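Residue numbering for the sequence shown follows the numbering used here, beginning at 106 and increasing consecutively.
Everything on this sheet refers to the single structure shown next.
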Amino acid sequence: MPPKYPQALDEGRLEKAERVLCKIFEVSELREHQKLAGRNILQGKSTVYDVPTGGGKTLAFWYPLAYNWDSKDGISVSQKVALVVSPLNALMNSQVEALQKRGIPALAVNNEKDEGGQIRVKHRVIFISPETAVSTPFHEKVLKIRTFREHCIEVVIDEAHCASEWGKEFRPEYAQLTKLLARLPSGLPVLLASATMPEDVVHDVLFKVGLPQDSARIAVSNAKYNIALSVRILQHPGSTYADLFTLFPVEPDAEFPQTLIYVNNRKEAEEIQDFLRRHCPSHLPTSSVEFYHRFLTDKRKAEIAEGLRSGRLHCVIATDALGMGMDFLGIMRVILWHEPLTFLSLIQKLGHGVRQLSDLGEAILFITKASYAKHLTDLESERDEDGDGDQPESPNTMEETGVDRIAAIDQEDPEINAGPRGKKKKARDHKYFSLFIAASGCRRIPWDEFFSNRGKLSLFVPPENSCCCDNCQPEAFPVDTIKISYPYPTCAPRTAWFSEALSAEVTDALRRWRSEAILIYYPGQLSIVRSALG
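In structure tokens, the structure reads:
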């Protein structure tokens with residue numbers, strides 16, 4: 106029998122739940138979108154919850170639990186349970202640790218552990234991977250158990266955009282999450298949470314998890330007015346990494362803001378680490394620069410994450426393996442070394458910087474001249490055609506897109522994103538990517554249009570003294586000219602010529618050598634052809 110959800114909620118319990126959450130998570134008050142999402146779940150309404158990084162999505166996850174906490178027993182065994190589907194083991198483990206430190210019993214179950222055998226009634230939050238969620242052992246050991254079914258109050262699918270970006274060839278269980286919902290009590294509300302869900306992705310995710318297209322939606326603009334945006338064309342070949350010299354401050358003792366550099370493969374991550382360590386200012390310890398990719402051990406990844414949180418690390422060069430769900434508050438600068446595969450991926454990466462709304466930072470995309478020229482050409486071609494590629498497809502005809510597999514794999518070669526693509530979806534993404542890179546107008550316009558930010562709730566207003574972008578305020582984005590000198594050139598430049606004195610000296614030396622060689626190797630000969638002398 107499906108659970109019954111009240112249409113009207115107890116205002117006293119709502120106020121108490123909000124006070125409890127504020128106390129536990131040390132915030133002064135809940136934001137409006139957090140309250141709306143929590144109340145929707147309490148009323149049994151499945152909801153698309155589109156909130157940017159730094160917006161406090163996870164507090165909404167626990168709102169229904171706080172509403173049901175008993176005032177006498179605190180977090181007692183008789184109360185409700187939240188089931189959270191999360192894409193990454195590292196993310197689940199960090200969230201469990203954070204909740205346990207605040208006194209909320211939580212557990213992460215993934216396919217590296219016993220699938221469900223360790224779950225106890227005392228756990229208020231249970232994190233599972235998609236693979237575990239649809240597995241038969243988890244169904245038998247957890248989902249079929251009467252106690253669990255009676256206490257589970259919600260299903261949260263965190264980083265829900267992954268259900269659109271993945272799910273066919275890579276981690277196919279994302280395409281099977283309808284199986285999880287079918288095994289749970291009918292009508293159990295689902296919260297689809299993500300920081301980057303444009304309209305076409307929302308349609309696709311709802312279709313793939315089996316929820317109605319008219320499900321409730323709470324959307325908050327992901328515009329980040331506290332990040333200054335710029336695009337730089339490389340002055341030198343990318344293999345030299347010379348353009349990264351511009352990241353170092355001109356003044357020798359000036360502060361180096363905590364920086365995250367995204368690259369497209371692990372080779373670049375390792376080489377850029379070596380480059381920056383060789384050339385970093387004397388006051389910057391070489392050990393404060395590290396690379397990060399999926400081939401590091403879990404222990405090493407945890408050490409780097411701790412270094413970012415503590416401020417010990419000034420710069421991390423990373424592949425997509427670092428980012429999703431990571432809460433690094435100190436990152437003030439995000440660099441993209443060459444463009445990622447998609448505009449959606451670009452915005453996802455930019456969102457990992459400057460998470461405190463009151464801070465100011467910057468994001469820089471480095472691209473080659475050839476790449477810029479191609480985007481410019483594509484943009485001009487787009488303007489000559491009927492631009493109908495920005496309309497979302499109906500969900501029953503949409504194909505999966507080969508977007509970056511954020512935070513789960515590294516891009517080792519172009520084939521990694523091969524496979525069927527939704528043509529309109531791909532064309533729309535490329536159109537806005539070209540607008541962001543090559544258009545002469547404000548770079549925030551394609552960002553806002555791509556995510557329909559104008560019609561969403563606003564997270565914050567532009568901070569005082571914030572900069573927009575290098576197109577709007579070019580004077581605020583000076584770029585140093587980098588010149589490379591080679592102390593030991595392998596050959597003289599074509600324009601270089603010997604001086605007359607040096608030329609005469611070399612000619613005399615050659616003539617003396619010739620006279621000596623003739624006497625030694627050809628004694629008594631009166632005539633010698635030139636070829637005989639080599």
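Glycine included, every Cβ here is placed at the ideal spot set by N, Cα and C.
Note that the structure is a prediction, hence the values are computed from the model and not measured.
Exercise for the section: Let me know the secondary structure DSSP gives Phe-130 once reduced to three states. Expected result: helix
Problem - Local conformation of Tyr-537 per DSSP, three classes - result: helix
Handout entry: Close beta carbons around Ala-238, own chain, < 6 Å, minus the five adjacent residues each side
Key = Hits under 6 Å: Val-190 and Leu-285.
Exercise for the section: Give me the Cα-Cα distance between Ser-620 and Glu-605, rounded to the nearest whole angstrom. Expected result: 23 Å
Exercise for the section: Would you kindly work out how many angstroms separate the C-alpha atoms of Glu-467 and Gly-458, rounded to a whole number? Expected result: 8 Å
Practice task
Under 6 Å Cβ to Cβ from Arg-438, same chain only, skipping five residues before and after it: list those, please.
Solution key: Pro-362, Thr-364, Gly-466 and Glu-467
Practice task
Starting from the Cα of Ala-324, find the closest Cα among Arg-136, Glu-131, Ser-450 and Gly-315 and give me that residue.
Solution key: Arg-136
Handout entry: Cβ shell of Thr-283 (< 7 Å), same chain only, five flanking positions each side left out
Key = Val-314 and Gly-315
Handout entry: Euclidean distance between Cα positions of Arg-405 and Ile-338
Key = 34 Å
Practice task
Could you give the DSSP three-state label for Cys-257: helix, strand or coil?
Solution key: In the three-state reduction of the DSSP assignment, Cys-257 falls in the strand class.
Exercise for the section: Could you please give me the residues that DSSP links to Ala-581 through a beta bridge? Expected result: Beta-bridge pairing links Ala-581 to no other residue.
Exercise for the section: Starting from Asp-155, follow its DSSP beta bridges and name the residues at the other end. Expected result: Ser-299 and Ala-324
Exercise for the section: Check Trp-271 in the structure and name its three-state DSSP category. Expected result: coil
Exercise for the section: With a 10 Å radius around its C-beta and 16 neighbouring C-beta atoms as the bar for buried, classify Glu-259 as buried or exposed. Expected result: Label assigned to Glu-259: buried.
Practice task
Classify Tyr-627 as buried or exposed, calling it buried when 16 or more other Cβ atoms lie within 10 Å of its own Cβ.
Solution key: By the neighbour-count rule (16 or more Cβ atoms within 10 Å), Tyr-627 is not buried but exposed.
Practice task
State yes or no: is the C-beta of Pro-551 within less than 7 Å of the C-beta of Phe-565?
Solution key: no
Exercise for the section: Indicate the three-state DSSP secondary structure (helix, strand or coil) for Leu-289 in the structure shown. Expected result: Coil.
Problem - Contact between the stretch 163-177 and the stretch 140-154 (3+ Cβ pairs under 8 Å) - result: yes
Exercise for the section: Along the beta strand (DSSP E) that carries Tyr-367, what are the first and last residues, could you check? Expected result: 364-367
Problem - Supposed close pair Tyr-330, Pro-567 - CB separation, criterion 8 Å - result: In this structure Tyr-330 touches Pro-567 by the C-beta definition: roughly 4 Å separates them, less than 8 Å.
Problem - Lys-448, enclosing alpha helix (DSSP H) - first and last residue - result: One detail in the question is off: residue 448 reads as Phe in this sequence, not Lys. It spans 448-455 - the alpha helix (DSSP H) in which Phe-448 sits, taken as one unbroken run.
Problem - DSSP three-state assignment for Trp-442, whether helix, strand or coil - result: strand
Exercise for the section: Quickly, what does DSSP pair Ile-231 with across the bridge? List them, please. Expected result: Leu-188 and Leu-212
Handout entry: Lys-536 classed as buried or exposed, judged by whether at least 16 other C-beta atoms fall within 10 angstroms
Key = buried
Handout entry: Euclidean distance between Cα positions of Ala-203 and Phe-582
Key = 39 Å
Handout entry: DSSP state of Phe-166 mapped onto helix, strand, coil
Key = Phe-166 falls in the helix class under three-state DSSP.
Exercise for the section: Tell whether a beta-carbon distance below 7 Å holds between Pro-210 and His-228. Expected result: yes
Exercise for the section: Tell me, please, whether the stretch 115-123 touches the stretch 393-403 by the rule of three or more beta-carbon pairs shorter than 8 Å. Expected result: no
Problem - Ile-436, DSSP secondary structure in three states - result: coil
Exercise for the section: Classify Pro-303 as buried or exposed, calling it buried when 16 or more other Cβ atoms lie within 10 Å of its own Cβ. Expected result: By the Cβ-count criterion, Pro-303 is buried, with 16 or more other Cβ atoms from all chains shown falling within 10 Å of its own Cβ.
Practice task
Identify, in the order they occur along the chain, each residue of the same chain with its Cβ nearer than 6 Å to the Cβ of Asp-115, setting aside the five sequence neighbours on each side.
Solution key: none
Practice task
Take the Cβ of Thr-391 as the centre, count every other Cβ of all protein chains shown within 10 Å, and call the residue buried at 16 or more, exposed below.
Solution key: Sixteen is the threshold: since fewer than 16 other Cβ atoms of the shown chains lie within 10 Å of the Cβ of Thr-391, the residue is exposed.
Handout entry: Nearest-angstrom Cβ-Cβ length linking Arg-548 and Thr-158, presumed shorter than 8 Å
Key = Contact flag wrong, Cβ pair sits at about 19 Å.
Practice task
Please confirm whether any heavy atom of the ligand SAH lies closer than 6 Å to the CB of Met-302.
Solution key: Of the ligands one can find in the structure shown there are none, so the ligand SAH has no counterpart to examine.
Handout entry: Own chain residues within Cβ distance below 6 Å of Lys-185, not counting five before or after
Key = Leu-170, Asn-173, His-256 and Ile-258
Handout entry: Boundaries (first-last residue) of the alpha helix (DSSP H) holding Ala-69
Key = In the structure as shown, the chain starts at 106 and stops at 639, and residue 69 therefore has no counterpart that could be examined.
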